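Following: one structure in structure tokens, then a few remarks.
Residue numbers (the working numbering): 1431 to 1588.
This is the structure we're talking about:
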């Protein structure tokens, strides 16, 4: 881990606070299944494959596999990810270009069926719950299509 400077103490505090939300009964450990949620709450967006790698590294450094990660193992790993700006979210332009690549008819939208097919059948598949959340957030009730430019503008922080 990069040695925290006074300037980066705020970052350590932010990581600590996020970790403590999921801490198990004051043990300075979190359930390994919560690591992704904590990392994403800090503004990092690793893929599931990247997350599995990160978690396995945290487990590797632990003395035994307990299904938990200690703060001692979590802090340096996540601190380095934040300092090195790993797993940054895609920009609005990148997301729109990705949707355009899927939009074979260049109409500016995707049907529910197209969206479900891409999200569950290509690359790293989304969970059914994630697909339903995305559809609920972006599908136009009248056209039953996702206008992806509007969707991206509403979802990407300024």
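In this text, a Cβ means the ideal position worked out from N, Cα and C, and glycines have one as well. Note that the structure is predicted; figures quoted are calculated from it, not measured.
Alpha-carbon spacing of residue 1442 relative to residue 1471, whole angstroms: Residue numbering aside, residue 1442 sits at position 12 when the chain shown is read from its first letter. Residue numbering aside, residue 1471 sits at position 41 when the chain shown is read from its first letter. So the alpha carbons of these two residues sit roughly 14 Å apart.
Segments assigned alpha helix (DSSP H), at least 4 residues, entirely inside the segment 1464-1496: 1465-1471, 1478-1491
Chain-order list of residues whose beta-carbon lies under 6 Å from that of residue 1481 (same chain, five-residue window excluded): Numbered from its first residue, the chain shown carries residue 1481 at position 51. 1466, listed in sequence order.
Nearest to residue 1589 by CA position, among 1546, 1523, 1549, is which residue? Lying outside 1431 to 1588, the shown extent of the chain, residue 1589 is not represented and no answer is given.
Would you call the segment 1540-1559 and the segment 1502-1521 touching, i.e. three or more CB-CB distances under 8 Å? no
How long is the line joining the alpha carbons of residue 1457 and residue 1511, rounded to whole angstroms? Along the chain shown, read from residue 1 onward, the residue named residue 1457 stands at position 27. Along the chain shown, read from residue 1 onward, the residue named residue 1511 stands at position 81. Distance between the alpha carbons of residue 1457 and residue 1511: 24 Å.
Would you grab the beta carbon distance between residue 1460 and residue 1468 for me? Rounded to a whole angstrom, and I think it's under 8 Å. Taking the first residue of the chain shown as position 1, residue 1460 is located at position 30. Taking the first residue of the chain shown as position 1, residue 1468 is located at position 38. So it is a contact: roughly 7 Å between Cβ atoms.
Starting from residue 1541, follow its DSSP beta bridges and name the residues at the other end. Along the chain shown, read from residue 1 onward, the residue named residue 1541 stands at position 111. Residue 1541 pairs with 1575.
So what's residue 1457 in DSSP terms, helix, strand or just coil? Taking the chain shown and counting its residues from 1, one reaches residue 1457 at position 27. Here residue 1457 sits in coil by DSSP.
Which residues in the same chain have their Cβ closer than 8 Å to the Cβ of residue 1556, if we skip the five residues on either side of it in sequence? Within the chain shown, the letter at position 126 stands for residue 1556. Answer for residue 1556: 1549, 1550, 1564, listed in chain order.
Give the range of the beta strand (DSSP E) segment to which residue 1535 is assigned. The count along the chain shown starts at 1 and reaches residue 1535 at position 105. Counting along the chain, residue 1535 falls outside any beta strand (DSSP E), and DSSP gives it neither H nor E.
Residue range of the alpha helix (DSSP H) that residue 1499 falls in? Here residue 1499 refers to the residue found at position 69 of the chain shown. From DSSP, residue 1499 is part of no alpha helix (DSSP H) but of the beta strand (DSSP E) over 1498-1500.
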